[in-house]
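K.L.:
With this note's numbering applied, the sequence shown has no gaps in its numbers, which climb one by one up to 1035 at the end. Ideal placement from N, C-alpha and C gives every residue a C-beta, glycine not left out.
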Amino acid sequence: MRTIDVVMITKNSEFMLKRCIESIYANLPVENLIIIDAFSTDQTLSIINNLNKKYKTITVFSLKGSRALARETGIHQVTTKWFMFVDSDIILSKNWFKTAEKQLKDDIGAVWGVNIDVVPGIKDKWFIRLQSFVANYCFSIRGGTHDTLIRLEAVKDIKIPDYLHAYEDAFIINWIKKKGYQTIIGKELYCLHYKPSENWNRKKGLSHAIDEVRCGLVYSHAYKFALFYPFFMFFWFLQFTLQISKNIL
């Protein structure tokens, strides 16, 4: 089995970090876990240091800047033929890499696992199917880096505009396509995406909306993605209401 480097960007990511890193080592053949940290002030670095006593292949680079700069910096540290971007708040599906490896071909530049946002208390299969449908279609428009396997050759010379604090994933996927490679949604590949309760307050919601308009519409011209804004607004309102009902916010 080939080994891969894994790139993760963090900033005050303590919420799911331990479970996420354990999921990475359980489901991927990790050569190195490369973490680009934006000077976290919570327990992020402590969690990483403790886990590295066990895994011994984690390297942290401290960097102040946008997600675009963080991802490009991470790519420059990669030494393996294939590598993965994994977000710090997800859990990978079982045997993620073994499943993905069977789908690799010479013309494949990236393989993405479907991102399923976890809504506490909601297990309705139709809602989950709707999430999966939306996620699949959205990837075709703007890409994604929640759990994405990428061929290094396709991005080793990438230059991501520094102002893309969001939609840097769209830039990466479009870059890979322009190199002549396919980007595919992997079969039976997914991740469960968890977010802390504070991500659903009004301040975070407004900040995310501003990033969507600035980076998605103004900078990236992802106009088709705007068709899904009503769904994401409903999803945010659902999460916000659940947090209110639990007296969390």
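When you compare the CB positions of residue 804 and residue 844, do they come within less than 8 Å of one another, or not?
P.N.:
Your numbering for residue 804 matches position 18 in the sequence shown. Your numbering for residue 844 matches position 58 in the sequence shown. No, Cβ-Cβ distance for residue 804 and residue 844 is not below 8 Å.
K.L.:
Is residue 809 near residue 830, with beta carbons less than 8 Å apart?
P.N.:
The count along the sequence shown starts at 1 and reaches residue 809 at position 23. The count along the sequence shown starts at 1 and reaches residue 830 at position 44. Not a contact, by the Cβ cut-off of 8 Å.
K.L.:
In whole angstroms, what is the alpha-carbon distance linking residue 872 and residue 964?
P.N.:
Position 86 of the sequence shown, counted from the first residue, corresponds to residue 872. Position 178 of the sequence shown, counted from the first residue, corresponds to residue 964. Going from the Cα of residue 872 to the Cα of residue 964 covers about 23 Å.
K.L.:
Grab the span of the alpha helix (DSSP H) containing residue 837 for me, first residue to last.
P.N.:
As a first step, residue 837 is located in the sequence shown; it is residue number 51 there, counting from the start. It spans 830-841 - the alpha helix (DSSP H) in which residue 837 sits, taken as one unbroken run.
K.L.:
For the beta strand (DSSP E) that residue 814 lies in, which residues bound it at each end?
P.N.:
Translated into positions along the sequence shown, residue 814 becomes position 28. Residue 814 -> no beta strand (DSSP E), and no H or E assigned at all.
K.L.:
Mark residue 972 as exposed unless 16 or more other C-beta atoms lie within 10 angstroms of its C-beta, in which case mark it buried.
P.N.:
What you label residue 972 is simply residue 186 of the sequence shown in a count that begins at 1. With 16 or more Cβ atoms within 10 Å of its Cβ, residue 972 is classed as buried.
K.L.:
Measuring CB atoms only, is the segment 859-868 touching the segment 788-799, in the sense that at least three cross pairs come out at less than 8 Å?
P.N.:
Contact between the segment 859-868 and the segment 788-799 is present, because at least three Cβ pairs lie under 8 Å.
K.L.:
If you follow the alpha helix (DSSP H) that residue 859 is part of, which residue opens it and which one closes it?
P.N.:
Within the sequence shown, numbered from 1, the residue matching residue 859 stands at position 73. Residue 859 -> alpha helix (DSSP H) spans 853-863.
K.L.:
Report back the beta-carbon spacing between residue 978 and residue 904 to the nearest angstrom; my notes put them in contact at under 8 Å.
P.N.:
Taking the sequence shown and counting its residues from 1, the one referred to as residue 978 is at position 192. Taking the sequence shown and counting its residues from 1, the one referred to as residue 904 is at position 118. Confirmed, Cβ separation roughly 5 Å.
K.L.:
Under 6 Å Cβ to Cβ from residue 858, same chain only, skipping five residues before and after it: list those, please.
P.N.:
Here residue 858 refers to the residue found at position 72 when the sequence shown is read from its first residue. The answer, listed in chain order, is 946.
K.L.:
Which same chain residues end up closer than 6 Å to residue 1080 when comparing Cβ atoms and leaving out the 5 residues on each side of it in sequence?
P.N.:
Residue 1080 falls outside the range modelled here, since the chain spans only 787 to 1035, and no answer is possible.
K.L.:
What is the residue span of the beta strand (DSSP E) that residue 845 lies within?
P.N.:
Within the sequence shown, numbered from 1, the residue matching residue 845 stands at position 59. Element bounds for residue 845: 844-848.
K.L.:
How would you write the range of the beta strand (DSSP E) that residue 872 sits in, first residue to last?
P.N.:
Position 86 of the sequence shown, counted from the first residue, corresponds to residue 872. Per DSSP, residue 872 belongs to the beta strand (DSSP E) from 868-872.
K.L.:
On the criterion of 16 or more Cβ atoms from any shown chain inside 10 Å, does residue 899 qualify as buried, or is it exposed?
P.N.:
Position 113 of the sequence shown, counted from the start, is the residue given in the question as residue 899. That one is buried.
K.L.:
Is residue 883 near residue 936, with beta carbons less than 8 Å apart?
P.N.:
The residue given as residue 883 occupies position 97 in the sequence shown. The residue given as residue 936 occupies position 150 in the sequence shown. Not a contact, by the Cβ cut-off of 8 Å.
K.L.:
Quick one: what does DSSP say residue 1041 is sitting in, helix, strand or coil?
P.N.:
Given that the chain is displayed from residue 787 to residue 1035, the structure contains no residue 1041 and the question cannot be resolved.
K.L.:
Name the one or two DSSP bridge partners that residue 961 has.
P.N.:
The sequence position of residue 961 within the sequence shown is 175, counting from 1. Its beta-bridge partners do not exist; DSSP assigns none.
K.L.:
Measure the C-alpha to C-alpha separation of residue 895 and residue 970 and round it to an integer number of angstroms.
P.N.:
Counting from 1 along the sequence shown, the entry for residue 895 is found at position 109. Counting from 1 along the sequence shown, the entry for residue 970 is found at position 184. Looking at the two C-alpha atoms, the distance is approximately 8 Å.
K.L.:
In terms of alpha-carbon separation, which member of 874, 885, 812 lies closest to residue 820?
P.N.:
Position 34 of the sequence shown, counted from the start, is the residue given in the question as residue 820. Of 874, 885, 812, the residue nearest in Cα terms is 874.
K.L.:
Relative to the C-alpha of residue 749, which residue among 797, 879, 855 is closest?
P.N.:
Lying before the first or after the last residue shown, residue 749 is absent from the chain, which here runs from 787 to 1035.
K.L.:
Would you call the CB atoms of residue 848 and residue 825 closer than 8 Å?
P.N.:
The sequence position of residue 848 within the sequence shown is 62, counting from 1. The sequence position of residue 825 within the sequence shown is 39, counting from 1. In contact: residue 848 and residue 825 (Cβ atoms closer than 8 Å).
K.L.:
Use the C-beta contact count for residue 836: other C-beta atoms within 10 angstroms, 16 or more gives buried, fewer gives exposed.
P.N.:
As a first step, residue 836 is located in the sequence shown; it is residue number 50 there, counting from the start. Counting Cβ neighbours within 10 Å, residue 836 comes out exposed, since fewer than 16 surround it.
K.L.:
Between the C-alpha atoms of residue 953 and residue 960, what's the straight-line distance to the nearest angstrom?
P.N.:
The residue you call residue 953 lines up with position 167 of the sequence shown. The residue you call residue 960 lines up with position 174 of the sequence shown. Answer to the nearest angstrom: the Cα atoms are 11 Å apart.
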